[in-house]
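Written below as structure tokens is the structure these notes are about.
Protein chains: 2
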Amino acid sequence: MTQLTRRRLFATAAAAGAATALAPPWLRPAAAAAPAAKGTGVYRYKMGDYEIVQLMDGARTFPIPDKFVVNVSKDKAIEAAAAAYMPEGKVTIPFSPMIVNTGKKLVAIDTGNGLGAYAASKGVVGQARGNMEAAGIDPAKVDIVVISHFHGDHVGGLKNANGSLAFPNAEIKVPAVEWAFWTDESNASKANGFNAKQFANVKKMLDGLADKVTKYEADNEVAPGITAIYTPGHTPGHMSFAVVSGSKRILVQSDVTNIPSMFLRNPDWHVIFDNDPKQAAATRHKIYDMAAAEKMTVSGYHFPYPCVGHVEKAGKGYRLVPVAWDPNSN
Amino acid sequence: MTQLTRRRLFATAAAAGAATALAPPWLRPAAAAAPAAKGTGVYRYKMGDYEIVQLMDGARTFPIPDKFVVNVSKDKAIEAAAAAYMPEGKVTIPFSPMIVNTGKKLVAIDTGNGLGAYAASKGVVGQARGNMEAAGIDPAKVDIVVISHFHGDHVGGLKNANGSLAFPNAEIKVPAVEWAFWTDESNASKANGFNAKQFANVKKMLDGLADKVTKYEADNEVAPGITAIYTPGHTPGHMSFAVVSGSKRILVQSDVTNIPSMFLRNPDWHVIFDNDPKQAAATRHKIYDMAAAEKMTVSGYHFPYPCVGHVEKAGKGYRLVPVAWDPNSN
Numbered sequence: 000m001t002q003l004t005r006r007r008l009f010a011t012a013a014a015a016g017a018a019t020a021l022a023p024p025w026l027r028p029a030a031a032a033a034p035a036a037k038g039t040g041v042y043r044y045k046m047g048d049y050e051i052v053q054l055m056d057g058a059r060t061f062p063i064p065d066k067f068v069v070n071v072s073k074d075k076a077i078e079a080a081a082a083a084y085m086p087e088g089k090v091t092i093p094f095s096p097m098i099v100n101t102g103k104k105l106v107a108i109d110t111g112n113g114l115g116a117y118a119a120s121k122g123v124v125g126q127a128r129g130n131m132e133a134a135g136i137d138p139a140k141v142d143i144v145v146i147s148h149f150h151g152d153h154v155g156g157l158k159n160a161n162g163s164l165a166f167p168n169a170e171i172k173v174p175a176v177e178w179a180f181w182t183d184e185s186n187a188s189k190a191n192g193f194n195a196k197q198f199a200n201v202k203k204m205l206d207g208l209a210d211k212v213t214k215y216e217a218d219n220e221v222a223p224g225i226t227a228i229y230t231p232g233h234t235p236g237h238m239s240f241a242v243v244s245g246s247k248r249i250l251v252q253s254d255v256t257n258i259p260s261m262f263l264r265n266p267d268w269h270v271i272f273d274n275d276p277k278q279a280a281a282t283r284h285k286i287y288d289m290a291a292a293e294k295m296t297v298s299g300y301h302f303p304y305p306c307v308g309h310v311e312k313a314g315k316g317y318r319l320v321p322v323a324w325d326p327n328s329n
Numbered sequence: 000m001t002q003l004t005r006r007r008l009f010a011t012a013a014a015a016g017a018a019t020a021l022a023p024p025w026l027r028p029a030a031a032a033a034p035a036a037k038g039t040g041v042y043r044y045k046m047g048d049y050e051i052v053q054l055m056d057g058a059r060t061f062p063i064p065d066k067f068v069v070n071v072s073k074d075k076a077i078e079a080a081a082a083a084y085m086p087e088g089k090v091t092i093p094f095s096p097m098i099v100n101t102g103k104k105l106v107a108i109d110t111g112n113g114l115g116a117y118a119a120s121k122g123v124v125g126q127a128r129g130n131m132e133a134a135g136i137d138p139a140k141v142d143i144v145v146i147s148h149f150h151g152d153h154v155g156g157l158k159n160a161n162g163s164l165a166f167p168n169a170e171i172k173v174p175a176v177e178w179a180f181w182t183d184e185s186n187a188s189k190a191n192g193f194n195a196k197q198f199a200n201v202k203k204m205l206d207g208l209a210d211k212v213t214k215y216e217a218d219n220e221v222a223p224g225i226t227a228i229y230t231p232g233h234t235p236g237h238m239s240f241a242v243v244s245g246s247k248r249i250l251v252q253s254d255v256t257n258i259p260s261m262f263l264r265n266p267d268w269h270v271i272f273d274n275d276p277k278q279a280a281a282t283r284h285k286i287y288d289m290a291a292a293e294k295m296t297v298s299g300y301h302f303p304y305p306c307v308g309h310v311e312k313a314g315k316g317y318r319l320v321p322v323a324w325d326p327n328s329n
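Going down the list, the sequences are from chains Y and F.
First residue of the first sequence: 0, per numbering that gives the first Met the number 0; consecutive thereafter.
First residue of the second sequence: 0, per numbering that gives the first Met the number 0; consecutive thereafter.
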């Protein structure tokens with residue numbers, strides 16, 4: 000048996016690469032049987048008596064803009080992304096809504112980017128619906144859709160591209176503070192940049208729903224065992240959720256932090272998407288100090304898939320330790 | 000809007016828990032629409048021109064046995080598991096085979112625990128097949144099954160419970176050294192404990208396949224762009240794989256380490272499953288020194304799902320940084 004050496008490992012890898020490269024694309028046969036079609040990411044696990052399905056909605060990878068992190072240099076932002084092994088000079092932001100089956104109710108927490116209504120994504124995002132199908136979940140059977148906040152990547156899946164309701168039989172629950180902020184014309188008229196785009200999308204996505212949605216306040220159950228927690232800053236009425244079943248619980252942190260490798264590590268960095276950056280940073284410290292002290296299981300909409308872990312203090316910030324999930328129990 | 004305080008967060012969580020606990024199980028309505036049936040874990044992403052599907056086969060969670068880590072105290076092992084937030088005194092080991100669609104060939108790397116032939120799991124493991132179905136992959140269309148080594152959680156899915164071939168049309172490629180070791184009656188007669196169980200399973204699983212399997216050596220392509228790398232210790236003929244497409248590559252490390260939170264952090268710890276513990280530890284250092292220096296993308300059969308990340312040096316060991324995968328590109 001040959002000895003493993005560094006030279007050898009890379010020699011064989013290079014040779015394999017060269018062999019592949021030698022065959023011009025038009026000579027390569029079509030895929031034997033593409034395992035495409037049926038979803039890109041589904042992860043299902045038990046939490047107490049509940050079942051949770053984490054749905055990949057896709058991800059966006061893009062060159063880091065100048066003011067992606069408003070209060071630090073672009074170089075520092077690029078360095079942080081590189082430390083998380085992202086493509087050079089780029090950042091990857093994944094999106095992942097959650098389905099909770101409480102036994103009594105089928106509940107969706109946020110909806111993903113949707114198919115076209117929010118952003119023409121060419122399939123890069125908007126995959127949550129296909130992944131629901133792959134998981135055998137019928138959107139018509141969802142009882143409650145709970146919205147954490149009104150950004151397009153969370154409400155974009157409320158309607159189909161033709162304007163019909165994506166969850167036709169569900170009660171739609173929205174934070175009362177979000178509704179008030181995003182439907183206020185004077186707020187809309189003052190907005191620019193990222194926020195202006197969000198106001199336009201909210202108008203499109205929630206048009207005609209004023210009498211249909213249920214507005215909820217923090218500290219109330221929005222579904223059996225699911226309690227809203229006020230975590231403002233990212234948006235004025237941004238909500239997280241405590242999901243509790245028996246002795247088990249999970250903190251669904253929504254967008255308290257965007258991608259952990261940048262903004263959980265550096266909770267005082269102001270991501271361009273935060274509406275009130277100082278309040279958002281204060282919320283991060285409060286939530287993660289608690290989560291770390293209590294060793295809470297935390298799920299995040301922009302966490303690396305399947306989006307669940309524990310938060311630990313690390314230097315001036317925090318780090319995420321992904322869970323060793325057993326899909327059968329927790 | 001109420002202020003978020005620690006007292007409040009836990010008060011609401013506790014209240015929600017209490018409310019759920021109040022309803023006796025027989026009064027709880029049946030699940031509205033269980034999102035069960037269709038798989039527990041599927042993750043699909045592009046790698047160059049290839050497509051990779053990571054299949055969750057399930058996980059086992061069990062009390063840490065006395066000699067789980069042969070050369071350290073049980074207390075230290077329990078401490079390491081606790082640091083990874085595993086259930087108290089227990090360890091969770093997940094299993095995850097991989098499908099590679101090269102465009103030319105549909106390739107399975109390892110097969111999971113299978114349904115009953117290797118271990119009566121009651122569904123705790125053996126989920127890979129259901130997840131293949133959820134991903135729209137027909138086992139009959141798999142062209143090549145590459146086996147990394149002969150442990151039951153890797154070869155257990157070669158046959159169905161009734162003894163028929165699970166991948167009826169696939170060429171089955173096995174490491175020549177593994178075949179020689181595990182089919183040698185004198186080795187079998189000397190084995191006890193974990194290894195004795197493996198010899199018995201190999202007999203059952205590979206019975207009648209002597210003329211059907213293709214034995215392969217290290218440093219050869221086992222499928223287009225997939226090169227075997229000799230990484231012995233865990234078993235005598237244990238193989239890893241370099242999967243290369245264009246300028247992209249991934250190191251499929253098989254069982255060079257078992258769960259990273261224990262044995263990547265502590266590469267010199269001897270997990271009970273390693274056949275030659277010293278050789279296994281030496282292989283770990285070689286492979287991870289390379290992977291860290293080259294910032295290679297590494298996939299592991301027992302890594303936290305979806306099983307892919309980068310390895311960094313950390314103290315006397317290493318740590319795994321999960322990738323920020325974009326399912327659309329890498």
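Every residue, glycine too, gets a C-beta built ideally from N, C-alpha and C.
- Query: Any idea what DSSP makes of F:Leu54, helix, strand or coil?
  - Reply: Strand.
- Query: To which residues does DSSP link Y:Asp325 through a beta bridge?
  - Reply: Y:Ser328.
- Query: Which residues does DSSP pair with Y:Phe240 in a beta bridge?
  - Reply: In the DSSP output, where bridge partners are listed per residue, Y:Phe240 has Y:Ala227 and Y:Val251.
- Interface residues of chain Y around F:Gly40 at Cβ under 8 Å? Residues of chain Y passing the Cβ test: Val41, Tyr42, Arg43, Pro305 and Pro326.
- Message: Please identify, using Cβ separations under 8 Å, the residues of the stretch 240-266 of chain Y that lie next to chain F, in order along the chain.
- Response: From the stretch 240-266 of chain Y, only Ala241, Val243, Ser244, Gly245, Ser246, Arg248, Ile258 and Ser260 have a Cβ closer than 8 Å to chain F.
- Assess, as a yes-or-no matter, whether the stretch 96-110 of chain F is touched by the stretch 314-326 of chain F under the definition of 3 or more beta carbon pairs within less than 8 Å. In short, these stretches do not touch, since the Cβ pair count stays below three.
- Under 7 Å between beta-carbons, which chain Y residues line up against F:Thr60? List them in chain order, please. Here the neighbours are Asp325 and Ser328.
- Query: Out of curiosity, what's the CA-to-CA distance linking F:Asp325 and Y:Asp206?
  - Reply: Those two C-alpha atoms are separated by around 32 Å.
- Query: Rounded to a whole number of angstroms, what is the C-alpha to C-alpha distance between F:Asn186 and F:Tyr49?
  - Reply: F:Asn186 and F:Tyr49: Cα-Cα distance of roughly 39 Å.
- Message: Using a Cβ-Cβ distance cut-off of 9 Å, determine whether F:His284 contacts chain Y.
- Response: By this cut-off, F:His284 is not an interface position.
- Count the other CB atoms, across all protein chains shown, that sit within 10 Å of the CB of Y:Glu177; report buried if there are 16 or more and exposed otherwise. Buried, since its Cβ has 16 or more Cβ neighbours within 10 Å.
- Y:Pro64: contacting residues in chain F (beta-carbon distance under 7 Å): Within 7 Å of the CB of Y:Pro64, no CB atom of chain F is found; the nearest one sits about 17 Å away.
- Query: In terms of residues, what are the limits of the beta strand (DSSP E) holding Y:Pro93?
  - Reply: Annotation for Y:Pro93: the continuous beta strand (DSSP E) segment containing it runs Lys89 to Phe94.
- Task: Please confirm if Y:Trp25 has its CB atom under 9 Å from at least one CB of chain F.
- Result: Caution applies to Y:Trp25, whose pLDDT of 32 falls short of 50 and renders its modelled position unreliable; the value that the coordinates give is listed next. Not closer than 9 Å to any Cβ of chain F, the Cβ of Y:Trp25 fails to qualify, so no.
- Taking C-beta to C-beta, are F:Pro93 and F:Ala58 nearer than 9 Å? Yes, Cβ-Cβ distance for F:Pro93 and F:Ala58 is below 9 Å.
- Closer than 9 Å, Cβ to any Cβ of chain Y: which residues of the stretch 66-96 of chain F, in chain order? Of all residues in the stretch 66-96 of chain F, Ala80, Ala82, Ala83, Tyr84, Met85, Pro86, Val90, Thr91, Ile92 and Pro93 have a Cβ within less than 9 Å of some Cβ in chain Y.
- Message: According to DSSP, is F:Asn130 part of a helix, a strand, or is it coil?
- Response: Judged by DSSP in its simplified three-state form, F:Asn130 adopts helix.
- Item | Contact list for F:Pro321 against chain Y, beta-carbon separation under 8 Å | Neighbours of F:Pro321 on chain Y, chain order: Pro303 and Pro321.
- Task: Less than 8 Å between the CB atoms is what I'm expecting for Y:Gly308 and F:Val41, so what's the real figure, rounded?
- Result: Not really, about 20 Å apart at Cβ, beyond 8 Å.
- Please confirm if the stretch 252-260 of chain F is in contact with the stretch 224-234 of chain F, defined as three or more CB-CB distances below 8 Å between the two stretches. In the pairwise beta carbon analysis, the stretch 252-260 of chain F is classified as touching the stretch 224-234 of chain F: at least three pairs are separated by under 8 Å.
- Item | Three-state secondary structure assigned by DSSP to Y:Tyr287 | Helix, per DSSP.
- Query: Listing by chain order, which chain Y residues have their CB less than 7 Å from the CB of F:Lys314?
  - Reply: Lys is not the amino acid found at residue 314 of chain F; the sequence shown has Gly there. Result: empty, since nearest Cβ-Cβ is about 15 Å, beyond 7 Å.
- Item | Exposed unless 16 or more other CB atoms sit within 10 angstroms - verdict on Y:Lys189 | Exposed: under 16 other Cβ atoms inside 10 Å.
- Under the three-state reduction of DSSP, which class applies to Y:Ala31: helix, strand or coil? Any answer about Y:Ala31 is weak, because its pLDDT of 43 lies below 50 and its placement is not dependable; what the coordinates show is given next. Three-state result, Y:Ala31: coil.
- Message: Buried or exposed, going by whether 16 or more other CB atoms sit within 10 Å of the CB of Y:Asn219?
- Response: Flag for Y:Asn219 reads exposed.
- F:Ala22 by DSSP, collapsed to three states: which one? Caution applies to F:Ala22, whose pLDDT of 36 falls short of 50 and renders its modelled position unreliable; the model cannot decide the point.
- Check whether the Cβ atoms of Y:His269 and Y:Pro174 sit closer than 9 Å, and answer yes or no. One thing to note: Y:His269 has its Cβ no nearer than 9 Å to the Cβ of Y:Pro174.
- Rounded C-alpha distance that separates Y:Thr226 from Y:Asn100: The alpha-carbon atoms of Y:Thr226 and Y:Asn100 are separated by roughly 15 Å.
- Task: Note down, in chain order, each residue of its chain lying with its Cβ closer than 8 Å to the Cβ of Y:Tyr304, except the 5 sequence neighbours on either side.
- Result: Excluding the 5 residues flanking it on each side, Y:Tyr304 has same chain C-beta neighbours closer than 8 Å at Gly40, Tyr42, Gln53, Met55, Pro93 and Ser95, in chain order.
- Considering only residues of the same chain and omitting the five flanking positions on each side of Y:Ala76, which have a CB-CB separation below 6 Å? The beta carbon of Y:Ala76 sits closer than 6 Å to those of Ile63, Phe67 and Val68, all from its chain and outside the five residues before and after it, given in chain order.
- Message: Is there a Cβ of chain F sitting closer than 9 Å to that of Y:Ala133, yes or no?
- Response: Put simply, the CB of Y:Ala133 is near chain F, with a gap under 9 Å to one of its CB atoms.
- Message: Please state the DSSP three-state secondary structure of F:Gly38.
- Response: Residue state, collapsed to three classes: coil.
- Item | Sequence-distant residues of its chain with Cβ nearer than 6 Å to F:Gly125 (five each side left out) | Result list for F:Gly125: Asn112, Gly113 and Leu114, in chain order.
- Can you name the residues of chain F whose CB is closer than 8 Å to the CB of Y:His148? Those do not exist, as Y:His148 stays about 14 Å from chain F at its closest Cβ, beyond 8 Å.
- Message: In whole angstroms, give me the CA-to-CA distance for Y:Trp181 and Y:Thr296.
- Response: About 31 Å.
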